[in-house]
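First comes the structure, then the notes that go with it.
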Amino acid sequence: MVKYTLKKPYDENSRNILNTSEYFFVRYWSGNDYKTNVVREPDGTRVVVVEFYLEDYCLSRMAESLNQDKDLTFTDIHYKEL
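Going by the numbering used here, the sequence shown opens with residue 1, and the numbers climb by one from there.
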């Protein structure tokens, strides 16, 4: 099992913190079990943080999907094996 943390810039002009592609990407890979939050970075910028858990056998397929979808605006991707 792996815990994924994805970050992206927060857009104050948008009604949704995730765009449509990001929303469906996160729902699909997390099994609709994810957490989103808007936090302030040490430099003062606001970012959206998405956290979810993923089974090990899905890692390569998810990474491939993450690289292929040009509508995903995640800028910081971290994972931690549990």
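Just so you know, even glycine gets a beta-carbon here, dropped at the ideal spot from N, CA and C.
Member of the options whose CA lies at the smallest distance from the CA of residue i
i     : options                       : result
Leu82 : Thr75, Val38, Thr73 and Asp56 : Asp56
Tyr79 : Tyr53, Phe25 and Asn67        : Tyr53
Cys58 : Tyr34, Ile77 and Ser30        : Ser30
Thr36 : Thr5, Ile77, Thr73 and Ser21  : Thr5
Thr73 : Lys3, Lys7, Val2 and Met1     : Lys7
Asp33 : Lys3, Asp76 and Thr75         : Lys3
Three-state class that DSSP yields for residue i in the structure shown
i      : result
Leu54  : strand
Leu119 : Beyond the ends of the chain as shown, which are 1 and 82, falls residue 119; an answer cannot be given.
Beta-carbon separation (whole angstroms), residue i vs residue j, contact threshold 8 angstroms
i     : j     : result
Val39 : Val50 : That belief does not hold up - the Cβ atoms of Val39 and Val50 are roughly 11 angstroms apart, past 8 angstroms.
Ser60 : Phe25 : Actually they do not touch by this definition, with Cβ atoms about 16 angstroms apart.
Beta-bridge pairing of residue i - partner residues as DSSP gives them
i     : result
Glu81 : Val2
Asn37 : Val49
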